[in-house]
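One structure is given below, encoded as structure tokens.
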Amino acid sequence: MLTKRSSGTAPRGHLARSLTAGTGKGVSRRGFLHGSGLAAGGMAALSALPAAMIRRAEAAGPIPGAETVTRKNICTHCSVGCTVIAEIQNGVWTGQEPGWESPISQGTHCAKGASVRELTTGERRVKYPLKLVDGEWKRISWDVAIEEIGNKLLEIRRTSGPDSVFWLGSAKFSNEGSYLFRKLAAFWGTNNVDHQARICHSTTVAGVANTWGYGAMTNSYNDIQNSKCLVLIGGNPAEAHPVSMQHMLRGKERNRAPFIVIDPRFTRTAAHATEYVRIRPGTDIPVVWGILWHVFEQGWEDKEYIRQRVYGMDQVRAEVKKWTPQEVERVSGVPGEQLKRVAEAMAKNRPSTLIWCMGATQKSVGTANVRAFSILQLALGNIGIEGGGANIYRGHCNVQGATDFGLDVSTLPSYYGLAEGAWKHFCRVWEVDYEWMKSRFASKALMEAKGIPTTRWFDAVLAKKEDVEQPDTLKAMLCFGHGGNTVTRMPEMVKGLEKLELLVIADPHPTTFASISGRKNGSYILPGCTQFETDGSRTCSNRSMQWGEKLVEPIFESKDDYTIIYLLAKKLGFADEMFKHITVEGTRPVPEDILREINRSCLSTGYTGQSPERLKLHMKHQADFDKITMRAESGPCKGEYYGLPWPCWGHPELKHPGSAILYDTSKHVMEGGGVFRARFGVEREGVSLLAEGSYSKGSEIQDGYPEFTMAVLRKLGWDKDLTAEEMRVIQAIGGDKIDEVSWQTDLSMGIIRVALKHGCSPHGNAKARAAAWNLPDPVPVHREPIYTPRKDLVSQYPAINDRRDFRLPQLAKSVQAGAVDKDVAGKFPFVLTSGRLVEYEGGGEETRSNRWLAELQQSMFAEINSKDAERLGIRNDAWVWVYGPENNAKVKVRALVTNRVGPGTVFMPFHFSGYWQGESRRAAYPPGTDPIVLGESANTVTTYGYDPVTFMQEAKVTLCRVEPA
13 MLTKRSSGTA PRGHLARSLT AGTGKGVSRR GFLHGSGLAA GGMAALSALP AAMIRRAEAA
73 GPIPGAETVT RKNICTHCSV GCTVIAEIQN GVWTGQEPGW ESPISQGTHC AKGASVRELT
133 TGERRVKYPL KLVDGEWKRI SWDVAIEEIG NKLLEIRRTS GPDSVFWLGS AKFSNEGSYL
193 FRKLAAFWGT NNVDHQARIC HSTTVAGVAN TWGYGAMTNS YNDIQNSKCL VLIGGNPAEA
253 HPVSMQHMLR GKERNRAPFI VIDPRFTRTA AHATEYVRIR PGTDIPVVWG ILWHVFEQGW
313 EDKEYIRQRV YGMDQVRAEV KKWTPQEVER VSGVPGEQLK RVAEAMAKNR PSTLIWCMGA
373 TQKSVGTANV RAFSILQLAL GNIGIEGGGA NIYRGHCNVQ GATDFGLDVS TLPSYYGLAE
433 GAWKHFCRVW EVDYEWMKSR FASKALMEAK GIPTTRWFDA VLAKKEDVEQ PDTLKAMLCF
493 GHGGNTVTRM PEMVKGLEKL ELLVIADPHP TTFASISGRK NGSYILPGCT QFETDGSRTC
553 SNRSMQWGEK LVEPIFESKD DYTIIYLLAK KLGFADEMFK HITVEGTRPV PEDILREINR
613 SCLSTGYTGQ SPERLKLHMK HQADFDKITM RAESGPCKGE YYGLPWPCWG HPELKHPGSA
673 ILYDTSKHVM EGGGVFRARF GVEREGVSLL AEGSYSKGSE IQDGYPEFTM AVLRKLGWDK
733 DLTAEEMRVI QAIGGDKIDE VSWQTDLSMG IIRVALKHGC SPHGNAKARA AAWNLPDPVP
793 VHREPIYTPR KDLVSQYPAI NDRRDFRLPQ LAKSVQAGAV DKDVAGKFPF VLTSGRLVEY
853 EGGGEETRSN RWLAELQQSM FAEINSKDAE RLGIRNDAWV WVYGPENNAK VKVRALVTNR
913 VGPGTVFMPF HFSGYWQGES RRAAYPPGTD PIVLGESANT VTTYGYDPVT FMQEAKVTLC
973 RVEPA
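Residue numbers (our numbering): 13 to 977.
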């Protein structure tokens, strides 16, 4: 069992002691932790805690003589989807084991997963509803909290309109909670609803969806064991997704595969690489085009694959031709010979997989980066095959599912968009009148307009009314399960917090939002419970859904997300309409019913076949699934892929097995096969966008074809295969325009069933787009970061022009030009980047409140190259100030002198908060809820910069200055 069998007494002295005082030498991170007090077994930040809070770190053991019941749930940290087996005695979680039978985690946990039992002990949890009164947190009842919050929301609605409320959801929601929260925002009447994906993988979703149709990982962690070459760019899974590393290392060892890591920092993952490529931060596209230059030069591309399945590669060739080895080295610092080795390794060891994470996506060119990665894999023919793919490691436990179910300012659940047809589809599902739903919004135009994203919500609070494309600025924010230190430009974020009329935080922990600002009134904290204290499904990175069962009852006065959402909907006056087809037991909606509504509505992504019963059966019979293919070899799930990864077409009764690998033409569509999605039409400027002579196994149409509609069925003569009931539903939807009913809006799912019967994918069979004409840069081009150290490159590779989108102005080129004119790079000579630690996750409030994890990492720090440290007179473990170029921002952190970062680069982890520009905010937390470990937030000194497609923030490349404190 994963319980700590011995406990150390925490010392009371200062934690940080330098091991290298007077030497100036660098040390390892382990040495740094040792010097920070870990060797003594100390709890974190004890010097900042009163003596009364210091006690032995002990784990509660089993209850002698009590009956033990085991239950399964899913780890609530990263997106790998590890199974947690809980041992429950008398309703108490007393023991924990990893899921030995899980085909994903295979009996393993990382440090975070091994410690999750602590989440239900409540030591530093919010215990009851709280209200901020004249700067002090006061206990109130749930009834009072909901009444007061609801009254204020309705007042804001009357005076400023529904768009003046921002609904910030969570990647910690279950799928059912995510769907319900998006539905709540819809019934309230706004598209100002978002979640963590905006700041981690919104650019991935936009980039890959605009290339081959769907915004998700194409293969799986397990399938990496089939890869003959592994290339990782902008990711550090050894720390961010540790359990995924077992699959990567097995692939490396089984196949003697080259393992190439491309990163500005020599990470723990890079330590396993056969080739490490250090790049200048912000030069991903030059490096990828540099690899592709060698591929084209040597004729290593898959010409037949490109001919059959790719549109616009000639336009890519024209751009890539500019990126000679000399130019790539000038811009990125990577020698041409090294990139030739990378290109040759990928070309001669196929299938090769390309893996990326937030080091690539959190940039002002994030969508373009993702598109470049995708195009490289298309050129090599690596998409739609075992061992290949775009393996995209998502961050939180359900960031994939929360995105899929519409916690996004630009879409309804299942990526239906916001056009009238999308709204009418969901109104049919919800059985509400479309005109009534339209009346909930300030206007039809706003009903169909993208909302304000989480990266910019505070700009919409601080802006002048006339500068925001809605009736008024934001006045209130309801934040469920989202850290407050995760957005860039935190000094301005704090100003936005202070100006809000209403702030509501629903979370097991108070989060940075509750402590960082000078708010005195108008704030509430609602104690949400964890996913271990409720049940529901979550979708991990590989698109598999897993059902987690409730392990224990919610502790203290906490409630689950379903209940809180219902209570709000009831107070706001639309609960009866919103829960028309969802059973509510007391005040708690039943998650199985929510999933069944998802199954009825989310046709476009194939979230229709994963019924609660099928998912629970998979969890029960995990041992039957192969550890590489993820397919059940025996038992009641035989032939199905674990977790029924979407698309899982048709009604659950159709028994589609799920799709382990997207776009795989080697399998029949009823065996999980597929093709690229035809979502961009059939022709462009006289060139066909449909596949040419490429089709999935068993397809009766042995060529490309458009997405299926009733008109297509009629033309093929397949409409005769529809049942009478299916025709009745289709006629009811289509009326006098029955031919326009498509596979995505046919609630009978008859069109989907008939397409599958004939071996066809309902979404059509198209070419992937190497050139995406609807994006600002149809072919990705390099653009220097807004705050770049290379002023000499700005004129040749400028930022995108200033523009407007998402209801706000978006600056880029003007800010970059101003930085050059002011010589910001001369005053702030270091490139600042950020990333994860193995011990903490996300904003860190939860993991830094966990006594076992807090013991492992006790100080916020900045990694500084040894040469830079020597020049500046900075010793390892000494205090330093890191200054940012905007808002006079600064943070005080420990120096970790290391050659993991190159000269001129500074790295900081982004999991810390609780200090603000040198001052502790511990006293601002509600008593007893302050995290054990506090530290400065890296995003205090990050700067302006946004991806033009998604408004993803620029978190990985800015400038800073470092000085001894």
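Glycine is no exception: its CB is placed at the ideal position from the N, C-alpha and C atoms.
For residue i and residue j, I'd like the C-alpha separation in whole angstroms.
i    : j    : result
Y405 : W368 : 6 Å
K6   : Q622 : Beyond the ends of the chain as shown, which are 13 and 977, falls residue 6; an answer cannot be given.
G651 : K582 : 44 Å
P648 : K240 : 33 Å
T917 : W312 : 35 Å
G705 : L768 : 19 Å
E349 : D314 : 22 Å
R600 : N203 : 25 Å
A824 : A837 : 16 Å
I742 : P774 : 16 Å
A359 : L702 : 26 Å
G684 : G670 : 6 Å
S535 : I944 : 23 Å
Q208 : N85  : 22 Å
P810 : V343 : 13 Å
A936 : I97  : 36 Å
Can you name, in chain order, every residue of its own chain whose Cβ lies under 6 Å from the Cβ of residue i, other than the five neighbours on each side?
i    : result
W305 : V332 and W335
C90  : H253
V243 : I272 and L366
A518 : F492, L538, G540 and I576
G125 : C87 and C94
V827 : I798 and Y956
E858 : H521
May I ask you to report which of helix, strand or coil DSSP gives residue i?
i    : result
N777 : strand
F919 : strand
Y619 : strand
F963 : coil
N248 : coil
D206 : strand
R691 : coil
L865 : helix
T415 : helix
I97  : strand
I161 : helix
P976 : strand
M557 : strand
W179 : strand
A269 : coil
F873 : strand
C241 : strand
Y852 : coil
Leaving aside the five residues before and after residue i along the sequence, list all residues of the same chain whose C-beta is less than 7 Å from its C-beta, in chain order.
i    : result
G324 : R781, A782 and A783
Count the other CB atoms, across all protein chains shown, that sit within 10 Å of the CB of residue i; report buried if there are 16 or more and exposed otherwise.
i    : result
L166 : exposed
W149 : buried
D833 : exposed
G729 : exposed
A533 : The sequence given here places Asn at residue 533; Ala does not occur at that position. N533 should be labelled exposed.
H923 : buried
K571 : buried
H4   : Only positions 13 to 977 of the chain appear in the structure, and residue 4 is not among them; the question remains open.
E737 : exposed
V145 : exposed
G54  : With a pLDDT of only 32 at G54, under 50, the local geometry of the prediction cannot be trusted, and the value read off the model is given with reservation. Buried is the call here.
Q756 : buried
N102 : exposed
F568 : exposed
D326 : exposed
Can you list, in chain order, the stretches of the alpha helix (DSSP H) that have 4 or more residues and sit fully within the stretch 468-546? 469-474 and 502-511
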